[in-house]
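Residue numbers (my numbering), protein chains in the order written: chain A, 82 to 301; chain B, 82 to 301; chain C, 82 to 301.
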Amino acid sequence: MSTALFSSTVQHSLDIAGIFVFATSGALLAVRRGFDVVGMAVLAVVTSLGGGLIRDLVIGAVPPAAVTDLGYFVTPLAATAVVFFLHPEVARINVAISVFDAAGLGLFCVTGTIKAYEHGLGYTAAAGLGVATAVGGGVLRDVLCNEVPSLLRWDQDLYSVPTMVGAGAVALLIRFHALTPATGVSAVLATFLLRLLAMHYHWRAPRAYNRRTPNLQNDP
Amino acid sequence: MSTALFSSTVQHSLDIAGIFVFATSGALLAVRRGFDVVGMAVLAVVTSLGGGLIRDLVIGAVPPAAVTDLGYFVTPLAATAVVFFLHPEVARINVAISVFDAAGLGLFCVTGTIKAYEHGLGYTAAAGLGVATAVGGGVLRDVLCNEVPSLLRWDQDLYSVPTMVGAGAVALLIRFHALTPATGVSAVLATFLLRLLAMHYHWRAPRAYNRRTPNLQNDP
Amino acid sequence: MSTALFSSTVQHSLDIAGIFVFATSGALLAVRRGFDVVGMAVLAVVTSLGGGLIRDLVIGAVPPAAVTDLGYFVTPLAATAVVFFLHPEVARINVAISVFDAAGLGLFCVTGTIKAYEHGLGYTAAAGLGVATAVGGGVLRDVLCNEVPSLLRWDQDLYSVPTMVGAGAVALLIRFHALTPATGVSAVLATFLLRLLAMHYHWRAPRAYNRRTPNLQNDP
């Protein structure tokens, strides 16, 4: 059974779009932290290609697509140039970037799960690597910026949980031979919508249950 | 010469036990840092599987055991669940966790060295990767928590030195064709005991020799 | 076309020299941060071998040269021993270390680009990995020290830009079949000189263009 969701041209265009959005968010963070143009380019590359790079190293798909496909490598540099010259305008559309970022999350957790499965991993591990594909770049970005990855912090809206839902759904779809373009796209959209809802309603993950001070649980 | 110390069933059970203990320490640190349940799971996975993952990427054993063996992947999630619901009880047995952690160190530095040697590395490099197997997950955990890895700090009891002794001993045993289950287990126990002694007597590694202010050397 | 610049003996000696210098800078930073001898050795290894390790993992050259060549692995430990006993003297020649470090940058960005190209990468990706070979170890060192990598900061003299020039020049030389020992060494020297000039004149990379407060752009 082929697990390709889209034609390779469509897939490639979607990948490029997702990389561009992730790279833009990385370059904007670099501007906010006062980094120079080199730091902007490094953060753009790491944020947008880091997750796929980790996945490809783990599944043994070397050299990773991030370095064999020129388009993948040049896209974050283009995003850096856009932010460099237009960052006040780009920063003003921050909400739009968050929405596109949510779309990128949905796309990458689904395609990452499929790629990991195609390289022989089991369902659970494939879903885990799908999540890593979607969120790994952001973790590397935060580590380089000397911050605790927002993924780990309880005071951030759910970010990885939507990707877990999407990646888990795709793994189940593969398991039950039900992965089609329609169901795959549904998983992308479900992840996208869950992330948007999490941002809108400030959904958060629980912290460890504390019987002694339950009322203080979620107060800072 | 086969370098397997134990039957594969015994080996697998010991690995799972070691992963569980390391994962518990990672999840507990996440609770202390106020991370949510996602952060607990991420730190549990990284702490317990990170060292082996680094070793497997370096020796080219991909996909790494951490993702091909479902038990390895699920164990840290189980440890997260235990800590999530029982963390006051788990935190209370902190000393017990330190003792189990020392046992995990001994086990992983020995089995890591053997696995690296079996993949064609030289004796010195195999010992180095055995050390990385044992301590690598903790380093990744500390980096994600935005802390200087305790491995590097002079005000921490010896942690990596016992694993260097254990890994070095195993490399010598392999070199002189003397690695048997008995001698291998002795190396595990020696590492375990050295770490316990280091904790009990607060053994520390020296800092660079400073001829100008020798008396101030180890004062903070 | 063979892309080897030097005989393998010359290449190996140059590599060892470059690793020694990078390792010395790593061990010195560990002393300044008050780390113990284990921390010195870890930082020396990571700083000097980390860039090549990242490159080899990405291009699929596993096990990496860093662990298969005993000389590569032992050199940072020797540098650690030198710094451990002689650090006041070593620290006093800080300028000399900066100069040698610049030479190491030039060497590693050129040989890294060539090695990546030989493993089948395209020109742009090969240059990118040449840069990663030269600067990757320093980034890992800074992350372990819990600092924002100096690569990203605008208040540091140009460090990666000279390696981009050198790696890009080598990629162009390969593209136009003009890579010879003479042109290759010229790329090493150009990188070296650019880095020396950047240090001498405190050249810095620009930050994102800010039309609202252009005069404040480069004031802290």
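From the three backbone atoms N, C-alpha and C, an ideal C-beta is built for every residue, glycine too.
CB contact below 8 Å: residue i versus chain C
i: L130 (chain A); result: no
i: L138 (chain B); result: yes
i: W235 (chain B); result: yes
i: V143 (chain A); result: yes
i: A146 (chain B); result: no
i: L232 (chain B); result: yes
i: V176 (chain B); result: no
i: A268 (chain A); result: no
Distance cut-off 7 Å: residue i Cβ against heavy atoms of the ligand ATP
i: Y290 (chain B); result: The ligand ATP is not part of the structure shown, which contains no ligands of any sort.
Inter-residue Cα distance where the pair is residue i and residue j
i: P243 (chain C); j: I178 (chain A); result: 33 Å
i: D223 (chain C); j: V126 (chain C); result: 13 Å
i: L239 (chain B); j: A271 (chain B); result: 14 Å
i: E228 (chain B); j: L110 (chain B); result: 12 Å
i: F189 (chain C); j: V139 (chain C); result: 16 Å
i: M280 (chain A); j: L86 (chain A); result: 28 Å
i: I195 (chain A); j: G131 (chain A); result: 18 Å
i: A142 (chain B); j: G193 (chain B); result: 12 Å
i: G265 (chain A); j: D137 (chain A); result: 21 Å
i: F116 (chain B); j: A172 (chain B); result: 16 Å
i: L210 (chain C); j: P169 (chain B); result: 47 Å
i: I135 (chain A); j: Y198 (chain A); result: 15 Å
i: N299 (chain A); j: R113 (chain C); result: Confidence in N299 (chain A) is poor, its pLDDT being 45 and thus under 50, which makes the residue's placement too unreliable to answer from.
i: L275 (chain B); j: L275 (chain A); result: 50 Å
i: P145 (chain B); j: A208 (chain A); result: 15 Å
i: M121 (chain A); j: A108 (chain A); result: 5 Å
i: S231 (chain B); j: V123 (chain C); result: 12 Å
i: L158 (chain B); j: S267 (chain C); result: 54 Å
i: V269 (chain B); j: W284 (chain B); result: 19 Å
i: Q237 (chain B); j: V91 (chain C); result: 42 Å
i: S88 (chain C); j: L95 (chain C); result: 11 Å
i: D150 (chain A); j: Y290 (chain C); result: 30 Å
i: R288 (chain C); j: V118 (chain A); result: 5 Å
i: V176 (chain B); j: L278 (chain C); result: 55 Å
i: A286 (chain B); j: V246 (chain B); result: 14 Å
i: S241 (chain A); j: V212 (chain A); result: 7 Å
i: G185 (chain C); j: V191 (chain C); result: 10 Å
i: P187 (chain C); j: T105 (chain C); result: Going by the sequence as given, residue 187 (chain C) is Gly instead of Pro. Rounded to whole angstroms, G187 (chain C) to T105 (chain C) spans 17 Å at the Cα level.
i: A183 (chain C); j: T128 (chain C); result: 14 Å
i: F103 (chain C); j: W235 (chain B); result: 22 Å
For residue i, the residue or residues it bridges with in DSSP
i: D117 (chain B); result: A:R288
i: R234 (chain B); result: C:F116
Interface flag, residue i vs chain B, CB-CB below 8 Å
i: D117 (chain C); result: yes
i: A289 (chain A); result: yes
i: F165 (chain C); result: yes
i: E170 (chain A); result: no
i: A279 (chain A); result: no
i: A286 (chain A); result: yes
i: T149 (chain C); result: yes
C-beta neighbour in chain A for residue i, strict 8 Å
i: T272 (chain B); result: no
i: C310 (chain B); result: The shown model of chain B, from 82 to 301, leaves out residue 310 (chain B), and the question about it has no answer.
i: G107 (chain B); result: no
i: M121 (chain B); result: yes
i: L110 (chain B); result: no
i: V242 (chain C); result: yes
i: V229 (chain C); result: yes
Closer than 9 Å at the beta carbon, the chain D residues around residue i
i: F154 (chain C); result: Note that chain D does not occur in the displayed structure, where the protein chains are A, B and C.
inquiry  = Taking contact to mean 3 or more Cβ pairs, one atom from each stretch, closer than 8 Å, check whether the stretch 93 to 107 of chain B and the stretch 207 to 227 of chain A are in contact.
reply    = No contact exists between the stretch 93 to 107 of chain B and the stretch 207 to 227 of chain A.
key: the stretch 150 to 159 of chain C touching the stretch 196 to 214 of chain B, judged by at least three CB pairs closer than 8 Å   = The stretch 150 to 159 of chain C is in contact with the stretch 196 to 214 of chain B.
query = Any chance the stretch 163 to 171 of chain C sits against the stretch 249 to 256 of chain C, with 3 or more Cβ pairs inside 8 Å?
reply = Touching, no, given that fewer than three Cβ pairs across the two stretches are closer than 8 Å.
inquiry  = I'd like the ranges of any alpha helix (DSSP H) spanning at least 4 consecutive residues and lying wholly in the stretch 144 to 173 of chain C.
reply    = Listed in chain order, they are 146 to 149 and 151 to 173.
query = Along the chain, which unbroken stretches of the alpha helix (DSSP H) at least 4 residues long are found entirely within the stretch 176 to 226 of chain C?
reply = Entirely contained in the stretch 176 to 226 of chain C, the alpha helix (DSSP H) runs reaching 4 residues are, in chain order, 204 to 225.
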